[in-house]
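Data first, discussion second: the structure below is written as structure tokens.
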Amino acid sequence: MADVKKLLIVDDNEDILSTFYDFFNSMGYEVETAVDGFAALKLIKSTSIVFNCLITDLVMPNISGVGLISIIKKEYPDIKVIAMTGYGDQPGALASEAKADIVLFKPVDLFKIENMVSRLINRETDK
């Protein structure tokens, strides 16, 4: 049996976190959540969980998604990153510049994002 894939979902909107948590959990992923970039970094650094993929909002308090992506790509280059924004092209361009693997615009289709997560993670394990 394949290893359970581990996701970290970061968004300052509790409803989005809850929806994503329930959806990905029901799809067989191990899911952790954080309400901003600072909480996400704290979780990554303080746990033994090795995340396969990070799904993050871009516009958040404390450490933004763009800041989080920059740190993750530098310190944890094996974690795949999907960035989401509801604020138009500028945050998306910044996320691309920060090396997000995929940038999506809200609202997102959960089945499409799960397909993207699966492709990113499977590409990682095919190496």
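According to this note's numbering, the stretch in the sequence shown is residues -18 to 108, in order. For every residue, glycine included, the Cβ atom is placed at its ideal position computed from N, Cα and C.
At the C-beta level, residue 35 and residue 12 stay beyond 9 Å of one another. Residue 14 places its beta carbon 9 Å or farther from that of residue 40.
Contact between residue 82 and residue 55 fails: their C-beta atoms lie close to 15 Å from each other, not under 8 Å.
Of all alpha-carbon atoms in 1, 10, 78, 0, the one lying nearest the alpha-carbon of residue 32 is that of 10.
For residue 86, the uninterrupted beta strand (DSSP E) segment begins and ends at 83 to 86.
By the 16-neighbour rule on beta-carbons within 10 angstroms, residue 92 is exposed. Residue 65 has 38, 85 as its beta-bridge partners, per DSSP. Residue 18 has its alpha-carbon roughly 5 Å from the corresponding atom of residue 44.
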